[in-house]
Amino acid sequence: MAIKIEKNKIGDFLQWIMENYSLYAPVREKVTKFARIENTSQICFLPNRTSLSLKPLFFPPEETFFKWKKSNDGYIIEDCLNGREKKVIFGVRGCDVRSLKILDMYMSEEFSDPYYTTRREDTIIIGMTCDYPEDTCFCTAFGGMIPDEYDLWLTDIGTHYFVDVGSENGKELICKDFFEEATPQDEIRRQRKIECVEYEIEKRAKIDLSETKNSFQQIKKGDNKIWEELSEICLCCGRCNFICPTCHCFDVRDITNLNGIEGERIRVWDSCHLFEYAQTAAEHFRKERVARVKYRIYDKFIFPVMRYGVYACTGCGRCADVCPAGIDIYEVLRRLID
Amino acid sequence: MKNIYIPSIAKIVDIINETPDTKTFKLKIELPFKPGQFVELSIFGYGEAPISISGGDNESIDLSIRAVGNVTRRMHRMNIGEYVGIRGPFGNGWPIEKAKGKNLLIIAGGIGLAPLKPVVDYACKNREEFKEVTLLYGARKPSLMLFKYKFDEWRRYIDVLLTVDEPEEGWDEHIGVVTMLCDKIKHISDTITFICGPPVMMKFTSMRLIELGFPPSEIYLSLERNMKCGIGICGHCAVGGMYVCRDGPIFSLTKALKFIEKPHEVRGVLD
């Protein structure tokens with residue numbers, strides 16, 4: 000059954016969600032990002048992706064693993080594992096839905112990261128088709144704006160949002176009086192809308208990566224001058240890592256209180272571009288900048304393909320937005336493939 | 000389910016001074032492990048460091064630790080009766096099963112003997128499971144050799160060849176790098192080789208073994224990386240699409256050679 004929701008009912012629908020779940024949606028606090036919504040007026044209806052991805056909701060930049068305290072016979076450890084929370088995330092774009100799938104893969108391959116997975120459980124996603132792309136978007140290289148998995152998906156078709164239902168969880172949200180049946184014309188409008196925006200994306204950035212999964216080996220043989228060139232302009236500042244919705248590296252640190260007998264162990268985001276990243280007490284395994292620059296690209300487009308059969312990039316283009324040296328990952332890919 | 004980031008608390012019950020910069024700590028903790036696996040050692044307030052298990056029994060493990068980083072230097076100032084945290088064991092361990100019924104060649108450099116000691120102990124205890132067993136061990140100086148007090152016991156069961164770069168008084172074994180000892184190996188065919196040592200030692204030893212006719216698929220290396228989480232998530236130990244902590248730390252030379260991406264290595268083991 001095809002359904003739609005009138006735009007002026009969206010507020011009531013989100014209000015209803017808030018009564019039954021924790022609601023997260025885009026807000027503007029200096030930058031646009033996802034945050035817990037207390038009042039629907041906080042919600043920012045954006046034409047496309049937020050500046051920050053969904054990653055910080057599930058994998059915050061800094062979090063405490065546990066607290067420790069010295070005792071007479073050893074240490075007392077207090078686990079800081081967060082509780083579960085039934086939540087709905089509204090206004091997610093295709094690139095960010097895909098990035099969550101990629102993070103899931105890294106975070107729970109053989110061992111699962113308990114802090115991430117407890118946050119990730121009970122998450123319902125209401126996605127949205129972009130109205131127009133950002134200058135750096137190229138999601139069509141990774142399957143386009145509509146991901147394979149979602150719970151509900153909204154597409155702006157004028158006075159209404161067309162609603163695709165993608166799962167049982169999504170179906171449960173359709174139980175109230177907010178929705179009505181969509182007509183075949185609505186469905187055509189939805190399709191046309193998606194095609195138009197994807198056409199806009201491909202006008203700037205069109206790249207076919209479907210064949211390279213098996214033959215990406217060619218970049219190893221191909222244009223190697225690119226690494227030298229990139230390393231001359233890259234500052235190795237790590238901004239691309241931190242903004243990337245699939246970068247998941249972290250450092251583990253201990254913090255001790257001034258009293259010296261208690262403290263906590265935390266993790267903070269880390270970046271493979273930073274000098275100390277691959278350093279051990281006795282050796283340094285990626286001392287040269289060129290090796291670190293190359294490593295990041297390999298870790299997006301070669302290693303995850305070898306290991307999981309997918310690219311660890313969603314074409315969101317955020318790294319190109321924040322790069323102080325103006326490096327656009329799309330241009331890098333272009334050069335590697337051509 | 001147990002939270003994998005939370006360490007268990009272990010008491011230091013014995014400390015052996017191995018060399019001026021290396022001590023072996025016996026920790027009271029029940030931790031079944033395979034030779035070649037490692038643990039994440041926590042000193043609360045200082046952090047964690049990945050350390051190979053160099054021995055153990057049902058109720059304790061041994062960690063032989065060289066004071067090189069913050070955690071390890073702090074560890075050297077710990078006393079019997081104090082407490083540390085342990086997570087693990089992590090990693091794949093040496094493929095001892097593959098060596099059964101064959102010759103076993105063990106090559107260690109410096110502190111690299113620590114993760115190999117459980118293999119040597121195993122081979123001495125289960126001598127009948129292998130054909131020839133040879134240990135080649137090299138260090139800079141005799142005083143920098145680990146487990147010297149075990150050599151006589153090991154020699155009752157297996158061949159032990161020792162070498163140092165700079166001999167000291169009373170040294171009557173070989174002089175030179177451990178690569179040179181490779182030429183003295185009598186069994187080349189049907190041999191499984193385990194190597195652990197500094198990267199440069201592993202590089203030259205592997206090259207020499209290949210020259211002598213050992214197939215790379217039968218040579219195994221234990222790699223060192225900056226393993227923060229131990230479970231293949233934090234990313235620090237990634238090399239060539241592998242996580243040293245989870246897919247290793249022990250890799251066949253065939254696999255390790257694939258890590259090398261030329262030019263501008265995404266650094267592999269031999270570079």
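So the sequence lines, in the order shown, correspond to chains A and B. Under numbering that gives the first Met the number 0, the first residue of the first sequence carries the number 0, and numbering increases by one thereafter. Under numbering that gives the first Met the number 0, the first residue of the second sequence carries the number 0, and numbering increases by one thereafter. The beta carbon of each residue, even a glycine, is placed where N, CA and C say it ideally should be.
Alpha carbon of residue i to alpha carbon of residue j, nearest angstrom
i	j	result
VAL162 (chain A)	ARG191 (chain A)	15 Å
GLU127 (chain B)	CYS94 (chain A)	59 Å
ALA181 (chain A)	MET127 (chain A)	17 Å
ILE296 (chain A)	LYS6 (chain A)	41 Å
SER59 (chain B)	LYS33 (chain B)	14 Å
THR255 (chain A)	GLY35 (chain B)	32 Å
GLU29 (chain B)	LEU135 (chain B)	31 Å
ARG334 (chain A)	VAL30 (chain A)	31 Å
ILE69 (chain A)	LEU62 (chain B)	Residue identity check: residue 69 (chain A) is Lys in the sequence provided, not Ile. Their backbone Cα atoms lie some 23 Å apart in a straight line.
GLU96 (chain B)	ARG118 (chain A)	41 Å
TYR235 (chain A)	THR245 (chain A)	A quick correction: the sequence has Cys, not Tyr, at residue 235 (chain A). Answer to the nearest angstrom: the Cα atoms are 18 Å apart.
VAL199 (chain B)	LYS99 (chain B)	29 Å
ALA9 (chain B)	LYS27 (chain B)	6 Å
LYS22 (chain B)	ALA34 (chain A)	50 Å
GLU264 (chain B)	LYS254 (chain B)	Low per-residue confidence applies at GLU264 (chain B): pLDDT is 43, beneath 50, and the placement is therefore not dependable, though the value from the model is reported in the following sentence. Spanning the two alpha carbons is a distance of roughly 15 Å.
SER166 (chain A)	LEU151 (chain A)	7 Å
GLY239 (chain B)	LYS293 (chain A)	11 Å
VAL118 (chain B)	ASP20 (chain B)	23 Å
ILE187 (chain A)	TYR310 (chain A)	31 Å
ILE79 (chain B)	GLY262 (chain A)	23 Å
PHE146 (chain B)	GLU108 (chain A)	38 Å
PRO114 (chain B)	ARG285 (chain A)	24 Å
THR71 (chain B)	LEU40 (chain B)	9 Å
LYS3 (chain A)	GLU179 (chain A)	6 Å
CYS312 (chain A)	LYS202 (chain A)	20 Å
MET144 (chain B)	THR18 (chain B)	7 Å
ASN2 (chain B)	SER51 (chain B)	22 Å
TYR219 (chain B)	CYS322 (chain A)	41 Å
VAL304 (chain A)	LEU104 (chain B)	36 Å
PRO46 (chain A)	TYR131 (chain A)	6 Å
Contacts that residue i makes with chain A (C-beta to C-beta distance below 9 Å)
i	result
LYS27 (chain B)	Per Cβ cutoff of 9 Å: no residues; LYS27 (chain B) is ~11 Å from chain A at best.
ALA273 (chain B)	Chain B is shown from 0 up to 270; residue 273 (chain B) falls before or after that span and cannot be answered.
THR71 (chain B)	ALA280
GLY46 (chain B)	VAL251, ARG252, ASP253 and ARG264
GLY234 (chain B)	TYR105, CYS246, HIS247, CYS248, PHE249, ASP269, CYS271, TYR276 and ASP298
ARG245 (chain B)	GLU108, GLU109 and PHE110
Cβ distance (whole Å) where residue i is taken to contact residue j below 8 Å
i	j	result
ILE326 (chain A)	LEU229 (chain A)	7 Å
ARG76 (chain B)	ILE110 (chain B)	That pair is no contact at about 19 Å.
ARG189 (chain A)	PHE64 (chain A)	With a Cβ gap of about 45 Å, ARG189 (chain A) and PHE64 (chain A) do not count as contacting.
MET104 (chain A)	TYR307 (chain A)	6 Å
ALA107 (chain B)	CYS195 (chain B)	6 Å
VAL87 (chain A)	TYR20 (chain A)	5 Å
VAL243 (chain B)	CYS236 (chain B)	4 Å
Under 7 Å from the C-beta of residue i: neighbouring residues of chain A
i	result
LYS254 (chain B)	Under the 7 Å cutoff, chain A gives no residues; its nearest Cβ is about 12 Å from LYS254 (chain B).
ASN2 (chain B)	ASP78, LEU80 and PRO113
PRO198 (chain B)	GLU282
ARG154 (chain B)	Within 7 Å Cβ-Cβ: nothing; ARG154 (chain B) doesn't reach chain A, min ~30 Å.
Chain A residues whose Cβ lies nearer than 8 Å to that of residue i
i	result
ASN78 (chain B)	Per Cβ cutoff of 8 Å: no residues; ASN78 (chain B) is ~14 Å from chain A at best.
VAL67 (chain B)	ALA280 and ALA281
Contacts that residue i makes with chain B (C-beta to C-beta distance below 8 Å)
i	result
TYR74 (chain A)	ILE8, PHE43, TYR82 and GLY84
Neighbour list for residue i in chain B, Cβ cutoff strictly below 7 Å
i	result
ILE104 (chain A)	Reading off the sequence, residue 104 (chain A) comes out as Met, not Ile. Within chain B, no residue comes near MET104 (chain A); the closest Cβ sits about 11 Å away, beyond 7 Å.
MET338 (chain A)	Given a span of 0 to 337 for chain A in the structure shown, any question on residue 338 (chain A) remains unanswerable.
Any non-hydrogen atom of the ligand ATP within 8 Å of residue i CB
i	result
ILE36 (chain A)	Of the ligands one can find in the structure shown there are none, so the ligand ATP has no counterpart to examine.
Proximal residues of chain B, C-beta to C-beta of residue i below 9 Å
i	result
PHE65 (chain A)	ASN2, TYR4, ILE5 and PRO6
**OP:** Report yes or no: do three or more beta-carbon pairs, one from the stretch 6-20 of chain A and one from the stretch 157-172 of chain A, lie closer than 8 Å?
**Re:** yes
**OP:** State whether the stretch 134-148 of chain A contacts the stretch 192-209 of chain A, with contact taken as three or more CB pairs (one from each stretch) at a distance under 8 Å.
**Re:** yes
Original post:
Is it a yes or a no for the stretch 117-130 of chain B touching the stretch 76-91 of chain B, going by three-plus beta-carbon pairs under 8 Å?
Top reply: no
Original post:
If you pair each beta-carbon of the stretch 226-235 of chain B with each one of the stretch 109-121 of chain A, do three or more pairs fall below 8 Å?
Top reply: yes
Original post:
Taking Cβ-Cβ distances below 7 Å as the criterion, which residues of the stretch 108-120 of chain A are in contact with chain B?
Top reply: GLU108, GLU109, PHE110, ASP112 and PRO113
Subject >> Three CB pairs or more closer than 8 Å across the stretch 244-260 of chain A and the stretch 181-197 of chain B >> reply: no
Original post:
What residues in the stretch 216-232 of chain B bring their beta carbon closer than 8 Å to a beta carbon of chain A?
Top reply: GLU223, ARG224, ASN225, LYS227, CYS228, ILE230, GLY231 and ILE232
**OP:** Pair every Cβ in the stretch 67-76 of chain A with every Cβ in the stretch 18-29 of chain A, then say whether three or more of these pairs are closer than 8 Å.
**Re:** no
Subject >> Residues of the stretch 222-241 of chain A whose Cβ lies closer than 9 Å to any Cβ of chain B, in chain order >> reply: ASN223, TRP226, GLU227 and SER230
Original post:
Quick one, which residues of the stretch 249-261 of chain A are near chain B if we go by CB-CB under 7 Å, in chain order?
Top reply: PHE249, ASP250, VAL251, ARG252, ASP253 and THR255
Original post:
Using 8 Å as the Cβ pair cut-off and three pairs as the minimum, do the stretch 216-224 of chain B and the stretch 138-150 of chain B touch?
Top reply: no
Original post:
Any residues in the stretch 131-147 of chain B with a beta carbon nearer than 7 Å to a beta carbon of chain A? Which ones, in chain order?
Top reply: none
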